[in-house]
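Novice:
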Amino acid sequence: MTGATFPIGTPEEPLAAFPDGAATTCRAGDVEMTAGEAGGLLKPEDFPFTGPGQVADTILSRAGM
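The numbers in the numbering used here rise by one with no breaks, and the one at position 34 of the sequence shown is 34.
#1: For Asp-46 and Thr-58, which I take to be in contact (beta-carbon distance under 8 Å), what is that distance rounded to the nearest angstrom?
#2: CA-CA distance, Ala-22 and Phe-6?
#3: Roughly how many angstroms separate the alpha carbons of Ala-63 and Pro-19, rounded to a whole number?
#4: Applying the 10 Å Cβ sphere with the 16-neighbour rule, what's the burial state of Ala-38?
#5: Short of 8 Å in beta carbon distance, which residues of its chain neighbour Val-31, apart from the five on each side in sequence? Order them along the chain.
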């Protein structure tokens, strides 16, 4: 999420922070998904996010990690 400005208040804002938008590949350990797939795990009530760690923790938790 380099380049993202926090807080992030909407589901569309994180995708804009990725170089290839929703098609950007994200990796955490052995898990790989696109930013679009990761964004699909976020819910409106998750926002606002105050930092990248909070975004990552939420996505990994929803992905069962």
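Virtual Cβ for every residue (Gly too), placed ideally from N, Cα, C. Quick caveat: nothing in here was measured; it's all calculated off a predicted structure.
Specialist: Here's the rundown:
#1: For this step, residue 46 is matched to residue 46 along the sequence shown. For this step, residue 58 is matched to residue 58 along the sequence shown. Correct: roughly 6 Å between the Cβ atoms.
#2: For the purposes of this step, residue 22 is taken as residue 22 along the sequence shown, with counting starting at 1. For the purposes of this step, residue 6 is taken as residue 6 along the sequence shown, with counting starting at 1. Looking at the backbone, the Cα of Ala-22 and that of Phe-6 are separated by about 19 Å.
#3: In the sequence shown, the residue the question calls residue 63 occupies position 63. In the sequence shown, the residue the question calls residue 19 occupies position 19. The straight-line gap from Cα to Cα measures roughly 22 Å.
#4: Here residue 38 corresponds to residue number 38 of the sequence shown, with the count starting at 1. The residue is buried, with at least 16 neighbouring Cβ atoms inside 10 Å.
#5: For the purposes of this step, residue 31 is taken as residue 31 along the sequence shown, with counting starting at 1. Once the five neighbours on either side are set aside, the close Cβ partners of Val-31 are Leu-60, Ala-63, Met-65.
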